[in-house]
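J.: Dumping the structure here so I can ask a few things about it.
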Amino acid sequence: MEYTLKKKEKKISTSNQTCTNPCCFFCTMKEPDTSLRSVKIANIFKEMPLRDDHEHVLVLSGLWNIAMTQPNDPTFPSLGIFNCMASLIYKGVNSRDNWLVRHQNIYIPYYAAHVIGSYTMKKVECAEKAVDSGVIPPLMELLRGKMSWVEQRVAVRALGHLASYERTFEAVAVYEEEVVKLAMQLASTCLDVVYVNFVGVKEKTKRLKYHSDLLTRGSVLGGLEMENRKAEEWASQLQCWSLYLLNCFACKERSLNLICKQEFLIDLCTMWGGLVNHQKSPAGIGLIRILCYSQIGRKNIAECEVVIENLCNLCRSSDDWQYMGIDCLLLLLKDPDTRYIIIETATLFLVDLVELDSLIDSRPNLGESITRALLLDHNKQKTKLKFKNKKFEKALEETWELKVDRRKREKMLSEEKVEERRVLVGLIKQEAKNLFLLGDVEEAVNKYTDALEICPLKLKKERMVVYSNRAQCHLLLRDPDAAIRDSTRALCLSTANSHFKSLWRRSQAYDMKGLGKESLMDCIMFINGCVRSDTNKRVKIPYYATRMISKHMDSTWLFANARSKFSSSSTQVDKVQESSGERKSNKENQRYDEIMRMVIEKKSLISSLSTIIEEPILHVKRGNRREQEKARRGKKAVARSM
């Protein structure tokens, strides 16, 4: 049976009209006299850490709910709530008399840290009060893994808020090296930790019950599926908040030597998730872009081939952060110290984007910015610099011809001449189509190339169709790289990457190359386009598209790498637990194991968390990967078509 805070208050008011507990939080909240109520609440906050009351968890759940719904209300922060929460966290992590396993106290550190994070989320004044109240040391204890990943999630969230303000940053920076190392470790290992300690535990009875209850709000509905879904969400949030904390230091160019370690930069490339509706959430690519604003960051990123390769793939994808990948490469190309380290690789990708108009409203004429970066010292490259990569030299000459020489020539074309070329292009396209249908695909490619050479740049729609048709020919010729190039160029000429045939063809090409994530996102964008363009009530999704999604959904699952690493290795599981920061010394190991053993065994003392209320779904800042979010939308579209 599930009780809420309101039901608890109703129970108190009906069954115990004359409450004799002078420290009853619920009775105090009903006090009509504002001044008297404030005095009583302040006294409760002082006395809570000193008393062992079975209703503490009820009070914490109520405070959490108030903090989440009214984070800007300064009332409780002014009455000493931060001192109270800090003391309760300390009491939990330093419990010597099994306090944690009595009543439902195991939940208290989690909710205490959550309350701190909620009240410091938007008001710097509250953040200053929190720092003055000494919340950072107990939050650090949770961040170190003194309890579990669940508490680390809310601790790193609260510390991220405190580090985001100029006035409280230095208080967090007192622990700078440790904070940065712990945040890096969390970001890199949290998915493995959550999988090993929760999602990968298939038997519900072997999972920590208080974790399950927190994830499902104490509900018995949904079972393992609901728990796993919420665990996936929380794991992604843990990773994103860790990156957010690192971002606070990187923006100030602090600890860059730590953050720019090659191993961590490679890990960042896989951290694509961001917090929905949280514009400051950088995700992996966001942190890489912040690093690209500093000389140290640019140098280390340019020297990491894996990072550059991932940035290049991101530039030619349907990822929401495509523009960030482009920004990173442009910043590297504009720096003389890093330009010639990456130019050969980057040019082969960016050359396909030179006709891009814009990706978002605030970034118009993005193709022109790319062109200027590629041709920054074109004459110097022709006369003095020698590159071994002939494809690079060809791509650079092609860019110069397309964006400089050809543009000058076509300025002289009259409208009649443009119309003549339009008709001629149409005739050549028909010839190419006939050759394609007859099976002479290579000759069709040559015809499409001829059409592109004479088609004026202003005829974007015609050029888009020709590029897309040539991409289809490359697919049949089993040349995925050429297909990706042409379909990307077609998409650049469309409105907001919306040419559905090109999206599908690029999805197939990425599938050929084994790039599952890029293939999945293009496929989902293709399906979304089918849904929007079909005016029928019963939308028909092509079977081949649903099959492509099914193929890549499993491989792009948030815990896919963790599952492959730890599905049959207990030794590696132990290593993950150690790297997560949960095991520090033999003495701490024994204490942690003892507490968790008692949590598991004393089920009679820890019920189904009937009084704990988790965050409302609509209020949660979800943090799953964008491709997973798009995949869910794709699945819904598929379901509607069946």
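Letter by letter, the sequence shown follows residues 732 to 1373 in the numbering used here.
Even for Gly, the Cβ is constructed at its ideal location relative to N, Cα and C.
Fair warning: this is a prediction, and the values are worked out from it, not measured in the lab.
#1: Can you check DSSP and say which residues form a bridge with P1095?
#2: Does DSSP put S849 in a helix, a strand or coil?
#3: At 4 residues or longer, and completely inside the stretch 905-968: list those alpha helix (DSSP H) runs for me, N to C.
#4: Pull up the CB-CB distance for A861 and F929, whole angstroms please, since I reckon it's below 8 Å.
#5: Can you give the Cα-Cα distance for Q1239 and A918, rounded to whole angstroms?
#6: In or out: K1134 buried (at least 16 other Cβ within 10 Å) or exposed?
#7: Report the three-state DSSP secondary structure of Q801 (helix, strand or coil).
#8: May I ask you to report which of helix, strand or coil DSSP gives M878?
#9: Are the beta-carbon atoms belonging to C815 and M760 less than 8 Å from one another?
#10: Closest to R1094 by CA distance: which of A1227, Q1203 and L1234 is it?
#11: So which of H834, T806 and A798 has the shortest CA-CA distance to R782?
#12: Measure the beta-carbon distance from V887 to Y841 and round it to whole angstroms, keeping in mind my assumption that it falls under 8 Å.
#13: Using the C-alpha atoms, what's the distance from F1290 back to V866?
#14: Hey, P763 and A817 are a contact pair by Cβ (cut 8 Å); roughly how many whole angstroms apart?
#15: Taking E956 as the reference, which of V932, Q968, Y941 and Q970 has the closest Cα?
#16: Rounded to the nearest angstrom, how far is the Cβ of T1102 from that of T1130, given a contact under 8 Å?
#17: Rank I797, L893, T806 and I1027 by C-alpha distance to the C-alpha of K1378 and give the top, closest one.
#18: What residue does the alpha helix (DSSP H) around Y1274 start on, and which one ends it?
#19: How many angstroms separate the CA atom of F980 from the CA atom of Y896?
#20: So, are the CB atoms of L1090 and L1097 less than 8 Å apart?
#21: Residues in its own chain within less than 7 Å of H1230 by CB, not counting five upstream and five downstream?
#22: Starting from E1017, trace the alpha helix (DSSP H) in both directions and tell me its first and last residue.
#23: Under 8 Å: do the stretch 1232-1250 and the stretch 1273-1286 share three or more Cβ pairs, one atom per stretch?
#24: Near I1039, what residues of its chain come up, given a Cβ to Cβ distance below 6 Å and the 5 sequence neighbours on each side ignored?
#25: Could you check where the alpha helix (DSSP H) with C1043 kicks off and where it finishes?
#26: Suppose the cutoff is 8 Å on Cβ atoms and the five residues either side in sequence are ignored; what does the same chain contact list for R1029 look like?
#27: For the alpha helix (DSSP H) containing I990, name the first residue and the last one.
#28: Measure the beta-carbon distance from A914 to L976 and round it to whole angstroms, keeping in mind my assumption that it falls under 8 Å.
#29: Using a threshold of 8 Å, state whether the C-beta atoms of I1280 and C1261 are closer than that.
#30: Using CA atoms only, rank isn't needed, just tell me which of L831, R884 and S864 is closest to A844.
#31: To the nearest angstrom, how far is the alpha carbon of E1150 from that of E1193?
#32: Between E963 and the rest of its own chain, which residues show a CB-CB distance below 6 Å, the 5 nearest in sequence each way excluded?
#33: With distances taken between CB atoms, is the gap from A1033 to V1082 smaller than 8 Å?
#34: So, L1207 versus V1154, is the Cβ gap smaller than 8 Å?
#35: At the level of alpha carbons, what is the spacing between L996 and H787?
#36: Can you grab the Cα-Cα spacing for the pair R1152 / K1121, in whole Å?
T.: This is what the structure holds:
#1: P1095 pairs with S1089.
#2: Reduced to three states, the DSSP call for S849 is helix.
#3: As far as the stretch 905-968 is concerned, its whole alpha helix (DSSP H) runs of at least 4 residues are 907-925 and 940-947.
#4: The pair is not a contact, with the Cβ atoms about 29 Å apart (cut-off 8 Å).
#5: Spanning the two alpha carbons is a distance of roughly 32 Å.
#6: K1134 comes out buried.
#7: In the structure shown, the three-state DSSP call for Q801 is coil.
#8: M878: coil per DSSP, three-state reduction.
#9: No. Outside cutoff.
#10: Among A1227, Q1203 and L1234, the Cα nearest to that of R1094 is on A1227.
#11: Selected option, being the one with the closest Cα: H834.
#12: The pair is not a contact, with the Cβ atoms about 13 Å apart (cut-off 8 Å).
#13: Taking the straight line joining both Cα atoms gives about 32 Å.
#14: Approximately 31 Å separates the beta-carbon atoms of P763 and A817; this is outside 8 Å, ruling out the contact.
#15: Of the candidates V932, Q968, Y941 and Q970, the one whose C-alpha sits nearest the C-alpha of E956 is V932.
#16: So it is a contact: roughly 6 Å between Cβ atoms.
#17: There is no way to answer for residue 1378, as the model of the chain reaches only from 732 to 1373.
#18: For Y1274, the enclosing alpha helix (DSSP H) starts and ends at Y1274 to M1284.
#19: Counting only the Cα atoms, Y896 lies some 11 Å from F980.
#20: Contact flag set, yes.
#21: For H1230, where only same-chain residues beyond five positions count, the Cβ hits under 7 Å are M1195, S1199, A1221 and L1222.
#22: Per the sequence presented here, residue 1017 reads as Gly, with Glu not at that position. Start and end: A1014 to C1023.
#23: The stretch 1232-1250 and the stretch 1273-1286 touch, with no fewer than 3 CB-CB distances between them shorter than 8 Å.
#24: The beta carbon of I1039 lies closer than 6 Å to those of I1073 and T1076 in the same chain, with the five residues before and after it left out.
#25: Residues E1036 to C1046.
#26: If we look at R1029 and ignore the five residues flanking it on each side, its Cβ neighbours are L1022, C1023, L1062, L1063, D1066, D1068 and T1069.
#27: From DSSP, the alpha helix (DSSP H) with I990 extends over L987 to I990.
#28: Their Cβ separation, rounded to whole angstroms, is 5 Å, which keeps A914 and L976 in contact under 8 Å.
#29: One thing to note: I1280 has its Cβ no nearer than 8 Å to the Cβ of C1261.
#30: Out of L831, R884 and S864, R884 has the C-alpha closest to the C-alpha of A844.
#31: E1150 and E1193: Cα-Cα distance of roughly 12 Å.
#32: Contacts found: L1289.
#33: Taking a C-beta distance under 8 Å as the contact criterion, A1033 and V1082 do not qualify as a contact pair.
#34: At a Cβ-Cβ threshold of 8 Å, L1207 and V1154 do not count as neighbours.
#35: The alpha-carbon atoms of L996 and H787 are separated by roughly 43 Å.
#36: So the two alpha carbons sit approximately 32 Å from each other.
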